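Chains as they are written, first to last, in this note's numbering: chain A, 139 to 337; chain B, 139 to 337. C-beta atoms are modelled at their ideal positions from N, C-alpha and C, and glycine is treated no differently. The model shown is predicted, which means the values in this text are computed figures rather than measured ones.
Number of protein chains: 2
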Amino acid sequence: MLSSSAPTSESLGSSARRERRERILDATIALASHGGFDAVQMRAVADRADVALGTLYRYFPSKIHLLVAALAREFERTESALGASRIEGDTPADRVVTVLRWTTSGLEDDPHLTEALTRAFMFADRSVATEIRLVARLLTRIVTNAMHPDRDEVDDEDVAIARVVGDVWLASLVGCVTGRSTTAEAVAHMERAVRLIVR
Amino acid sequence: MLSSSAPTSESLGSSARRERRERILDATIALASHGGFDAVQMRAVADRADVALGTLYRYFPSKIHLLVAALAREFERTESALGASRIEGDTPADRVVTVLRWTTSGLEDDPHLTEALTRAFMFADRSVATEIRLVARLLTRIVTNAMHPDRDEVDDEDVAIARVVGDVWLASLVGCVTGRSTTAEAVAHMERAVRLIVR
DNA sequence: GACATAATGGGAACACGTTCCACTTCGAGA
DNA sequence: TCTCGAAGTGGAACGTGTTCCCATTATGTC
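What follows is the structure in structure tokens.
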């Protein structure tokens with residue numbers, strides 16, 4: 139348990155463990171991408187990642203944990219991709235819209251994946267609180283960063299605004315996934331909401 | 139199928155059918171209220187409503203349909219309860235906050251029920267679109283009505299605002315259910331959001 | 001190198017949502 | 001009243017998430 143390397147953050151243990159974890163998440167994304175939430179079957183993930191079912195459950199205690207962890211990894215990648223480039227737009231609202239568009243287009247390229255990750259996020263219960271919080275924090279940070287790319291610190295008000303934007307974003311995703319609205323409608327709704335909220 | 143009475147709206151058929159439907163929804167609410175989403179087990183619902191499992195599935199093609207239908211019924215009752223009384227508050231924002239508080243307190247009295255209904259709503263997929271749309275419409279109408287209790291017609295802008303409020307409300311519910319925030323925090327967040335959005 | 005401990009593999013078993021089927025009951029029209 | 005089709009009953013059976021068990025393999029210690 140308390141082995142050598144711990145360069146990142148958590149007690150992820152050895153590199154073999156980390157590799158296996160990555161393999162599992164890769165398999166999850168691949169299956170989700172192909173057939174959505176229902177296609178992410180635990181036995182299929184285990185097969186594809188070349189681990190036993192019991193091992194999969196040792197890494198991720200439920201299908202929801204697994205999918206939310208996959209979502210968190212995607213978000214981390216999105217954030218670092220965004221961090222690298224300047225965000226287009228003159229006003230905070232413009233930049234937020236840009237970021238949301240960018241993120242959303244990434245998602246609409248892969249509707250199955252979006253469906254799987256969104257539904258997992260929405261279906262999660264308290265036992266997934268840690269992972270959920272991680273995702274929520276990432277989302278808020280992405281938005282506040284779009285609002286004030288230069289600032290390192292943001293005030294309370296900005297966080298509240300960013301959370302509202304995040305709420306609308308999630309609700310819009312749910313709207314798409316549940317077939318209540320098309321992607322275009324969802325994007326339009328988000329834009330309108332941002333113009334209402336951010337200034 | 140095309141029997142006698144159809145006094146309300148849909149093709150609900152005979153009164154025996156309607157009674158059975160009500161009994162099923164009652165059983166659903168009772169079980170959800172007691173033990174949340176997981177306690178709403180189809181066999182248990184069928185037992186409690188005194189119908190066979192197959193009959194239950196004839197009325198509601200899945201657990202999610204069942205729970206979303208129950209949510210819709212609760213919303214309809216909420217709306218008619220609200221419609222009866224004047225809403226306190228001098229400004230649109232105040233009235234919206236009042237309504238949300240009222241609705242939310244109703245829900246927080248019964249956290250299990252809230253959890254069950256919220257998770258069902260969030261987990262729904264396209265096949266539940268009809269019921270989902272019904273709930274969304276009710277929610278929007280409740281908010282727009284709070285904004286303009288006197289008006290019968292509302293403009294496009296108001297609907298957009300109401301939808302954002304609804305989004306925040308749903309996201310806040312999810313936040314509670316997933317243990318990301320306490321009820322008090324959720325209410326505070328909603329209030330702040332409404333002040334930002336409605337004027 | 002031998003050992004203790006933890007991690008993994010393989011697979012059976014269980015729970016609950018869902019489907020299916022054979023049989024019975026109900027209700028409306030001849 | 002009789003008949004026929006629709007609706008309901010009871011229960012078996014299937015799929016998938018989840019748990020459990022134990023033999024096997026890695027990992028770190030002496």
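Query: Beta-carbon neighbours of B:Thr316, restricted to chain A and to distances below 8 Å; Result: Ala262, Asp263, Arg264, Val266, Ala267, Ile270
Query: Candidates A:Glu329, A:Thr316, A:Arg337, of which the one nearest A:Ala254 by Cα; Result: A:Thr316
Query: Residues in the segment 293-304 of chain A having any Cβ partner in chain B nearer than 8 Å; Result: Ala298, Ile299, Arg301, Val302, Gly304
Query: Distance CB(B:Ile167)-CB(B:Phe261) smaller than 8 Å; Result: no
Query: Chain A contact residues for B:Arg330, given Cβ-Cβ distances below 7 Å; Result: Ala298
Query: Closer than 8 Å to chain A by CB, B:Leu308; Result: yes
Query: A:Gly304 CB to nearest heavy atom of the ligand GDP below 7 Å; Result: Only the bare structure without any ligand can be found here, which leaves the ligand GDP out of the picture.
Query: For B:Glu269 and B:Ala207, believed in contact at Cβ under 8 Å, the rounded distance; Result: 6 Å
Query: Cutoff 8 Å: A:Ala274 Cβ touching any chain B Cβ; Result: yes
Query: Min CB distance A:His172 to chain B below 8 Å; Result: no
Query: As assigned by DSSP and simplified to three states, the class of A:Phe198; Result: coil
Query: Under 7 Å (Cβ pairs) to chain B, residues found in the segment 238-254 of chain A; Result: none
Query: Member of B:Val266, B:Arg257, B:Ala274, B:Leu245 whose CA lies at the smallest distance from the CA of A:Arg264; Result: B:Arg257
Query: Same chain only: Cβ atoms within 7 Å of B:Met345, ignoring 5 sequence neighbours per side; Result: Any answer about residue 345 of chain B is impossible in this case: the structure gives chain B only from 139 up to 337.
Query: Enclosing alpha helix (DSSP H) for A:Val306 [first to last residue]; Result: 294-315
Query: Within chain B, the residues that A:His203 reaches when beta carbons sit closer than 7 Å; Result: Residues of chain B passing the Cβ test: none, with the nearest at roughly 12 Å.
Query: Euclidean distance between Cα positions of A:Ser319 and A:Gly313; Result: 6 Å
Query: Whole-number beta carbon distance between A:Ala231 and A:Arg337, since they are thought to touch under 8 Å; Result: 6 Å
Query: With 16 other Cβ atoms within 10 Å as the buried cut-off, status of A:Thr229; Result: exposed
Query: Neighbour list for A:Thr286 in chain B, Cβ cutoff strictly below 8 Å; Result: Reading off the sequence shown, one finds His at residue 286 of chain A, where the question assumed Thr. Those within 8 Å of A:His286 in chain B number zero; the least Cβ separation is about 17 Å.
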